[in-house]
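Per the working numbering, residue 1326 is the first one in the sequence shown, and the count goes up by one each step.
Worksheet: one structure, shown below.
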Amino acid sequence: MTETLKQGLTKVPEIALGFWIIKILATTLGETGGDAVTMSMHLGYAVGTLIFLAVFVAAVIAQIRATRFNPYLYWLTIVATTTVGTTMADFADRSLGIGYAGGTSILILLLGASLAIWHGVEGSVSVNTVATPRTEAFYWVTILFSQTLGTALGDWMADTNGLGFGGGALVFGAVIALTGAGYYFTRISHVALFWAAFIFTRPLGATVGDLLDKPLALGGMDLSRVGASTVLTVAIILLILVLPQRPGRHPAVQRAN
């Protein structure tokens, strides 16, 4: 492999079917894992947020300092964003008392601002350009906001529209399917569709996670949060081993080839 090609490889995985399968499992783990700490361990949303925020910051620093793509480190960082996103959204919606509409509105503004600043500085928000410390920082901040927004959307849909967790999962699954159809059958920007899919896989995972661990009286299956989180963790590790985990390529390298 040439030095140019080495420099052109990003530290995020190639976007393929395996990526989305693991992403959905990771977002589900974020919901069950976040609830395990804040609810099962009775630490509360504020303490849970501080714990997971520290894990997130440490994981991002390790990811940025890494010299090459490491699938285990990458997916650990993704899981960290989902868990802290869960506790941050719950803290904003419930502990601060601003409700689902208020929390969702704030997060939409934060996500929009993150994408706008990233695009203004770098000229693109494509994940294929994530190959420098600065773009990685933009990438992970944007992902954190998107994961938190997705949690708020999932909770809002399941709790306030009478759909329940199963119905909410079906709705967000349909939205993701439409996004996939847009990728293959329309000329809508693939970058925009990627971020839409990334955002909506989070509420899908949130509603599935709630379906697994919430009490029967609330429409859940009342499974152990720790047990569900353990099973999801094992499944993610196995899929990383089985499914191809190749780094994406920087557009400059693609053009050169």
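For each residue, glycine too, the CB sits at the ideal point set by N, CA and C.
When the five nearest sequence neighbours on each side are left out, the beta carbons in the same chain lying within less than 7 Å of the beta carbon of V1533 are those of T1353 and A1494, in order along the chain. If you check the CB distance, I1565 and I1347 come in under 8 Å. Just so you know, the alpha carbons of A1506 and A1521 end up roughly 12 Å apart. T1476 sits in a helix when the DSSP states are folded into three classes. Relative to M1546, the option among L1536, A1553 and M1364 whose CA is nearest is L1536.
Using a 10 angstroms sphere on the CB of P1458, the tally of other CB atoms stays under 16, which defines it as exposed.
Using a C-beta cut-off of 8 Å, the segment 1547–1559 makes no contact with the segment 1367–1381, since fewer than three inter-stretch Cβ pairs fall below that distance. The segment 1386–1401 and the segment 1412–1426 do not touch, with fewer than three beta-carbon pairs separated by less than 8 Å. R1512 is classed as exposed because its beta carbon has fewer than 16 other beta carbons within 10 Å across all chains shown. The beta carbon of A1477 is closer than 7 Å to those of A1414, D1418, Y1425, G1428, T1429 and L1432 in its chain, skipping five residues each way along the sequence. T1357 sits away from R1571, with the two beta carbons spaced by 8 Å or more. Between the beta-carbon of F1497 and that of F1523 there is about 12 Å, and that puts the pair past the 8 Å contact cut. T1363 is positioned such that its CB atom lies closer than 8 Å to that of G1373.
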